[in-house]
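Colleague: There's a structure below that I have some questions on.
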Amino acid sequence: MSTGNGRDRLSNLTAQEAVGGILLLGIGILALDLIRLILLNELPFGRLLSYTWNGIVDSLYIGLAAIGLSMTYSILRFANFSHGDLITTGAFSGWTVAYLIGGIGVADLSSRLLLRADGGAQPGAVGMDVLSAPLTIVLGLIVAALVTILVALLIDRLVYRRLRDAGGIPLLIASVGVALALRYLIAFVYTTDTRIVVASPPQPELAELVAIVGLELPAFLAERTINLHEATLVISALALIVGVHLLLQYTKLGKSMRAMSDNKDLALITGIPTERVIFATWVIGSGLAGVAGYLIVLDRGQITINLGWFLLLLIFAAVILGGIGSIYGALAGSLVIGLTINLSLVWIPSDLNEIAAFTLMIIVLIFRPDGLFSGVETA
Amino acid sequence: MALLDVSELDAGYGDLQILEGVDLTVDDGEYVTIVGPNGAGKSTVMKSIFGLTNYMGGSIVFDGNEIHGYRPEDIIQTGVGYVPQNDNVFPSLSVMENLEMGAYILDEVPESRLEAVFDRFPILDERREQKAGTMSGGQQQMLAMGRALMLEPKLLMLDEPSAGLAPDLVDDMFDRIDEINDDGTAVLLVEQNAKEALRRCDRGYVLVQGQNRYEDDGDALLGDEQVRQDFLGG
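These protein sequences, in sequence, are chains A and B.
Residue numbers for the first sequence follow the numbering used here, beginning at 2 and rising by one.
Residue numbers for the second sequence follow the numbering used here, beginning at 783 and rising by one.
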């Protein structure tokens, strides 16, 4: 009897389940291999830790951007290909203001205004790190959000609002056009050169930091250094993500956003002012995108007009992986993508690490076509 | 003067005209039913009152205001509540959040109204935190009605509330509607279950191909030989 049952179950195995099994098997094998590498000391434990840490850092800025992409999808009902260039907009506008303020008296106006397009205004000389100019850096962050919001609202007014009821495909195609227009407008002002705009990050040892509050650390932690720019990114991103969560769950606006992503027609007849919800969606989504762009530059040190565009594929992967339209899914997807592109470095060279992320996405989608968190929660 | 006075209403979807000169009135506190064959435009009347169709002519006066051209959030403000036939709750929101959305246009959710809805539908009270999408069809229907009642509308429009309900729940649903009406809310009901609807209502309309065919007291329509034969299956 039992063997008969077993055979039945095997023959009933669908292709999806088979792919899921292979996926789990693959992850299992890689996990075992990871243990082997560490035990044989071929992979120093410290390096594994730093891969994981980098994975978390990457997933946080991907996640910040993914929230907006997911919201536009669930509330405005289209895949917004200009979202990446909103990230770029935030990066350029925020750092321009940081330079304008931070570089007063150090560099001439045009170098500051055009964000070093002429190669002047060395970041070190301008003092572009969080310890030398904390207020300037924070101001830049706020401006990055504000300018990106304004640009997004302007684009909505000029382009998307006219197409509100045109359906997802015309809007998607329009957004590709918007993406290109936005990016090359930025290039028109700032040139296409990649350049360093942030000074090397202060990297105090952990012991120094905790000494400020009068604590001592065990020896193995004390000598670890911490990259303060990365720390700024992590703290800002986490705070914003928690903020969005609280907003969505506990405020009237957040609830109406979830309601509208559930059912736009019902929201309309319930008396929810849908245009106001759309306005809020742009403000939150593009604000977070702008902040993400600004923080990425803070972490990486360099800025380029392709910043957001190149990131967009990973963001889409995260959003789709988590179940498109769900922001919690998007955040979980971001974590998976961020960890995958970094942990895959154990086995493959860094030029190829995005292959791992997209392969994983494809396999997961065959296994669960609606994403990991589909049907769990919208928005 | 009637609470709702629809006259000579022409409306449809895109270029397709569905309603051709529909007349309809609902008085304060009255219970009015629209019956008729599939495709007669029963639901379209309700959608048109809410401005969700393509308006082609005629007038819709509610409580003294010509509401044609109003935005849905303004129509709600005048005192019309609407429960559409399908997808009438927000599935990922909790029961409580669904009701809160019903009172969106108010600055604050009035505790008294919440209590009134919970009194009417105790099951909603028990399941405040449950996601609406995980409730049964009958419970969702009650939630949808509760949501529409949050603003204490003068007129409640219900589009086929008994559709998809188990037979033993249909009677219960009609009882609930009676109760709502007894408490003074005018009801405009569209129903497939024409006999039961006509039995319960004050007045009924028979709509055929987007036009008024008969209009009379519910019992009179039920008793009319022609109506029975053509629309009520004998």
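Idealized CB from N, CA, C, for every residue including glycine.
(1) What did DSSP end up calling B/Asn-820 once you bin it into helix, strand or coil?
(2) Taking the alpha carbon of B/Val-827 as the reference point, which residue from B/Tyr-987, B/Gln-912, B/Leu-947 has its own alpha carbon closest?
(3) If contact is defined by three or more beta carbon pairs under 8 Å, each pair taking one atom from either stretch, is the region 129-147 of chain A in contact with the region 98-106 of chain A?
(4) With the cut-off set at 9 Å, would you say A/Gly-309 and A/Arg-196 are in Cβ contact?
(5) So, is the C-beta of A/Ala-380 closer than 9 Å to a C-beta in chain B?
(6) In whole angstroms, what separates the C-alpha of A/Arg-37 from that of A/Leu-31?
(7) Out of B/Glu-893, B/Glu-911, B/Gln-991, B/Glu-973, state which residue places its alpha-carbon closest to the alpha-carbon of B/Cys-983.
(8) What are the residues of the region 869-899 of chain B that lie near chain E, defined by any Cβ-Cβ distance shorter than 7 Å?
(9) Using a 10 Å radius around the Cβ and a threshold of 16 neighbouring Cβ atoms, would you call A/Arg-8 buried or exposed?
(10) Taking 9 Å as the CB-CB limit, is B/Arg-929 close to chain A?
(11) Which residues does DSSP pair with A/Gly-255 in a beta bridge?
(12) Nearest to B/Leu-801 by CA position, among B/Asn-836, B/Lys-936, B/Met-783, B/Asp-950, is which residue?
(13) What's the C-alpha gap between B/Gln-912 and B/Glu-879?
(14) Can you have a look at B/Asn-975 and say buried or exposed, based on whether 16 or more other CB atoms are within 10 angstroms of its CB?
(15) Within 9 Å (strictly less), CB to CB, does B/Pro-866 reach chain A?
(16) With DSSP as the reference, label A/Ile-227 as helix, strand or coil.
(17) Could you give the distance in angstroms between the alpha-carbon of A/Leu-315 and the alpha-carbon of A/Ile-105?
(18) Which runs of the beta strand (DSSP E) spanning at least 3 residues fall entirely within the region 170-245 of chain A, listed in chain order?
(19) Between B/Glu-855 and chain A, is there a C-beta pair that is closer than 9 Å?
(20) Does B/Leu-947 have its Cβ less than 9 Å from a Cβ in chain A?
(21) Does the Cβ-Cβ distance between A/Leu-289 and A/Leu-322 come in under 9 Å?
(22) Once you ignore the five residues that flank A/Val-107 on each side, which residues in its own chain have a CB closer than 8 Å to its CB?
(23) Using Cβ-Cβ distances below 8 Å, what residues of the region 244-256 of chain A are close to chain B?
(24) Can you confirm whether the region 834-854 of chain B touches the region 253-272 of chain A when touching is taken to mean that 3 or more C-beta pairs between the two stretches lie within less than 8 Å?
(25) Would you kindly check if the distance between the Cβ of A/Ile-63 and the Cβ of A/Ala-223 is under 9 Å?
(26) Relative to the C-alpha of B/Arg-895, which residue among B/Gly-966, B/Gly-928, B/Asp-957, B/Thr-815 is closest?
(27) Out of B/Ser-918, B/Phe-1013, B/Asp-869, point me to the one whose CA is closest to B/Ala-979's CA.
(28) By Cβ distance, which residues of its chain are closer than 6 Å to A/Leu-154, with the 5 residues on each side in sequence left out?
(29) State the Cα-Cα distance for the pair B/Leu-888 and A/Arg-225, rounded to the nearest angstrom.
(30) By Cβ distance, which residues of its chain are closer than 8 Å to A/Leu-218, with the 5 residues on each side in sequence left out?
(31) Do B/Gly-946 and B/Gly-919 come within 9 Å of each other at the CB atom, strictly closer than that value?
Modeller: This is what the structure gives:
(1) Along the second sequence, read from residue 1 onward, the residue named residue 820 of chain B stands at position 38. Of the three classes helix, strand and coil, the one that applies to B/Asn-820 here is coil, per DSSP.
(2) Residue 827 of chain B sits at position 45 when you count from the first residue of the second sequence. Out of B/Tyr-987, B/Gln-912, B/Leu-947, B/Tyr-987 has the C-alpha closest to the C-alpha of B/Val-827.
(3) yes
(4) Along the first sequence, read from residue 1 onward, the residue named residue 309 of chain A stands at position 308. Along the first sequence, read from residue 1 onward, the residue named residue 196 of chain A stands at position 195. Cβ atoms of A/Gly-309 and A/Arg-196: not closer than 9 Å.
(5) For this step, residue 380 of chain A is matched to residue 379 along the first sequence. Reliability of the predicted coordinates at A/Ala-380 is poor, the pLDDT of 44 falling under 50, and the value obtained from them is presented with this limitation in mind. Yes, its Cβ sits closer than 9 Å to a Cβ of chain B.
(6) Walking along the first sequence from the start, residue 37 of chain A turns up at place 36. Walking along the first sequence from the start, residue 31 of chain A turns up at place 30. Between A/Arg-37 and A/Leu-31, the C-alpha separation is close to 10 Å.
(7) As a working note, residue 983 of chain B is residue 201 in the second sequence. Of the candidates B/Glu-893, B/Glu-911, B/Gln-991, B/Glu-973, the one whose C-alpha sits nearest the C-alpha of B/Cys-983 is B/Glu-973.
(8) Looking for chain E here will not work: the only protein chains present are A and B.
(9) Working through the first sequence from its first residue, we reach residue 8 of chain A at position 7. Any answer about A/Arg-8 is weak, because its pLDDT of 49 lies below 50 and its placement is not dependable; what the coordinates show is given next. The residue is exposed, with fewer than 16 neighbouring Cβ atoms inside 10 Å.
(10) Position 147 of the second sequence, counted from the first residue, corresponds to residue 929 of chain B. Interface with chain A (9 Å Cβ-Cβ cutoff): B/Arg-929 is included.
(11) Within the first sequence, residue 255 of chain A is the residue found at index 254, counting from 1. DSSP lists no partner for A/Gly-255.
(12) Here residue 801 of chain B corresponds to residue number 19 of the second sequence, with the count starting at 1. It is B/Asn-836 whose Cα lies nearest to the Cα of B/Leu-801.
(13) Start at 1 with the first residue of the second sequence, and residue 912 of chain B comes out as number 130. Start at 1 with the first residue of the second sequence, and residue 879 of chain B comes out as number 97. Rounded to whole angstroms, B/Gln-912 to B/Glu-879 spans 10 Å at the Cα level.
(14) Position 193 of the second sequence, counting from 1, holds the residue named residue 975 of chain B. By the neighbour-count rule (16 or more Cβ atoms within 10 Å), B/Asn-975 is buried.
(15) Along the second sequence, read from residue 1 onward, the residue named residue 866 of chain B stands at position 84. Output row for B/Pro-866: interface = yes.
(16) Position 226 of the first sequence holds residue 227 of chain A. Note: A/Ile-227 maps to coil in three-state DSSP.
(17) Walking along the first sequence from the start, residue 315 of chain A turns up at place 314. Walking along the first sequence from the start, residue 105 of chain A turns up at place 104. Counting only the Cα atoms, A/Ile-105 lies some 37 Å from A/Leu-315.
(18) none
(19) Taking the second sequence and counting its residues from 1, one reaches residue 855 of chain B at position 73. True, the Cβ-Cβ gap to chain A drops below 9 Å.
(20) Here residue 947 of chain B refers to the residue found at position 165 of the second sequence. B/Leu-947 does not count as touching chain A.
(21) For the purposes of this step, residue 289 of chain A is identified with residue 288 of the first sequence, where counting begins at 1. For the purposes of this step, residue 322 of chain A is identified with residue 321 of the first sequence, where counting begins at 1. For A/Leu-289 and A/Leu-322, no; Cβs fall outside 9 Å.
(22) Working through the first sequence from its first residue, we reach residue 107 of chain A at position 106. Correct list, in chain order: Ala-122, Ala-126, Val-127, Gly-128.
(23) Listed by position, the residues of the region 244-256 of chain A near chain B (Cβ gap below 8 Å) are Lys-253, Lys-256.
(24) Yes: at least three Cβ pairs fall under 8 Å.
(25) The residue you call residue 223 of chain A lines up with position 222 of the first sequence. The residue you call residue 63 of chain A lines up with position 62 of the first sequence. Not a contact, by the Cβ cut-off of 9 Å.
(26) The count along the second sequence starts at 1 and reaches residue 895 of chain B at position 113. The shortest C-alpha separation from B/Arg-895 is found at B/Gly-928.
(27) For the purposes of this step, residue 979 of chain B is taken as the residue at position 197 of the second sequence. Between B/Ala-979 and the set B/Ser-918, B/Phe-1013, B/Asp-869, the nearest pair of CA atoms involves B/Phe-1013.
(28) As a first step, residue 154 of chain A is located in the first sequence; it is residue number 153 there, counting from the start. Hits under 6 Å: Trp-283.
(29) Indexing the second sequence from 1 puts residue 888 of chain B at position 106. Indexing the first sequence from 1 puts residue 225 of chain A at position 224. B/Leu-888 and A/Arg-225: Cα-Cα distance of roughly 55 Å.
(30) Within the first sequence, numbered from 1, the residue matching residue 218 of chain A stands at position 217. Here the set comprises Leu-207, Ala-208, Val-211.
(31) Along the second sequence, read from residue 1 onward, the residue named residue 919 of chain B stands at position 137. Along the second sequence, read from residue 1 onward, the residue named residue 946 of chain B stands at position 164. Taking 9 Å as the Cβ cut-off, B/Gly-919 and B/Gly-946 qualify as a contacting pair.
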